[in-house]
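In the numbering used here, the protein residues as written are 42 to 372.
For glycine and all other residues, C-beta sits at the position ideal for the given N, C-alpha and C.
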Amino acid sequence: MTTSPSEPTTTSRTPGNVLVIGACGQLGLELTAALRQRYAPEAVVAADVRPPKDPAALAGGPFELLDVLDQPRLEALVAQYQPVQIYHLAALLSATAEKDPMFAWKLNMDGLLNVLNLAVQYRVPQVYWPSSIAVFGPDTPREHTPQTTIMNPNTVYGISKLAGEQWCEWYHRHYGLDVRSLRYPGLIGYKSLPGGGTTDYAVDIYHKAVAGEDFECFLKADTYLPMMYMPDALKATLDLMHAPADSIKVRTSYNLGAMSFSPAEITTAIQQETPGFQVSYAPDQRQAIADSWPASIDDTAARQDWGWAPEFDLEKMTRDMLVHLREPVVA
42 MTTSPSEPTT TSRTPGNVLV IGACGQLGLE LTAALRQRYA PEAVVAADVR PPKDPAALAG
102 GPFELLDVLD QPRLEALVAQ YQPVQIYHLA ALLSATAEKD PMFAWKLNMD GLLNVLNLAV
162 QYRVPQVYWP SSIAVFGPDT PREHTPQTTI MNPNTVYGIS KLAGEQWCEW YHRHYGLDVR
222 SLRYPGLIGY KSLPGGGTTD YAVDIYHKAV AGEDFECFLK ADTYLPMMYM PDALKATLDL
282 MHAPADSIKV RTSYNLGAMS FSPAEITTAI QQETPGFQVS YAPDQRQAIA DSWPASIDDT
342 AARQDWGWAP EFDLEKMTRD MLVHLREPVV A
């Protein structure tokens, strides 16, 4: 049985060094912490293009400066640490990528190829690379989007993620590289601020509610999108990476679902805990992106192949988010 990131762990199962690229991002900070809880902290190497804003955030183990586009620097770190797992999380997200499409393509694609090529060269046993619901597009069925379906993304982020999925499958087929991937929905967590994604309103709205401020949402009130609370995303990632190789049937990327809700519904959930909280709506360019994405996800393949099951729904997540965000900051 796979240990949840929230459960006590020991270091007895440490497989060797683990390299987390993009460790200062929303997912990276929490995944690094979960891996250091699971393994020996000194065996989990965090790497990013700049140090974390809070030096204490990654203080539990080694940190290396790394631009994943700097192939010689990346190779030096792989040669030095000889990782048995690489988690490659560095990417430019959906809304930010639309503002600088050429750099987004370069970072998202060349970064992945640098990692895959070095993983083959240095015989890294496992690579993890996250995909996204952005791989789907306006022609994709919006309700219960299937694992295999029409995929016609209309954002640079989505195009790069779809191409990345095919590269991951190609490297597995041609080199036997054990690369695994999940199509994350919108991720919601209390440990970091929004990072430029279309679903980030569902993070920012909690911060505004706790601060006693009104919130202006950049999506329409009835825009449904698949979402997931960070503890479930961490659990899914670790469960996938520790599943037996013969149970991994999908080598592009697995659909991953937990809950779907609209801005109006998350507002109601927050108001039940924080009466008086008010939200207004001013849809911007991110509305068109959201309209091209699924409203709900069919993740049957993940449930059948390696036993995926989420733990949080909207109400449970909302209570937990508000409790943690209201905790006093320890100096």
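- For C258, DSSP records a beta bridge to Y322.
- By the 16-neighbour rule on beta-carbons within 10 angstroms, A310 is buried.
- DSSP, read as helix, strand or coil, puts D219 in strand.
- Within the region 97-171, the complete alpha helix (DSSP H) runs of at least 4 residues fall at 112-122, 135-140, 142-146, 152-162.
- The Cβ atoms of L72 and T240 lie no closer than 9 angstroms to each other.
- Distance between L118 and P304, taken at the CA atoms: about 42 angstroms.
- Annotation for L366: Y231, Y247, H248, V251 place their beta carbon closer than 7 angstroms to its own, counting only its chain and skipping 5 residues before and after.
- Counted as a single uninterrupted DSSP element, the stretch harbouring Y270 is not any alpha helix (DSSP H) but the beta strand (DSSP E) occupying residues 266-270.
- Beta-bridge partners of L60 (DSSP): V86, I127.
- Residue pairing by DSSP places F302 opposite L266 in a beta bridge.
- Here DSSP, grouped into helix, strand and coil, assigns R292 to coil.
- For I229, the uninterrupted beta strand (DSSP E) run begins and ends at 227-229, by DSSP.
- For T189, the secondary structure class from DSSP, reduced to helix, strand or coil, is coil.
- With a threshold of 16 other beta carbon atoms within 10 Å, E206 meets it and is buried.
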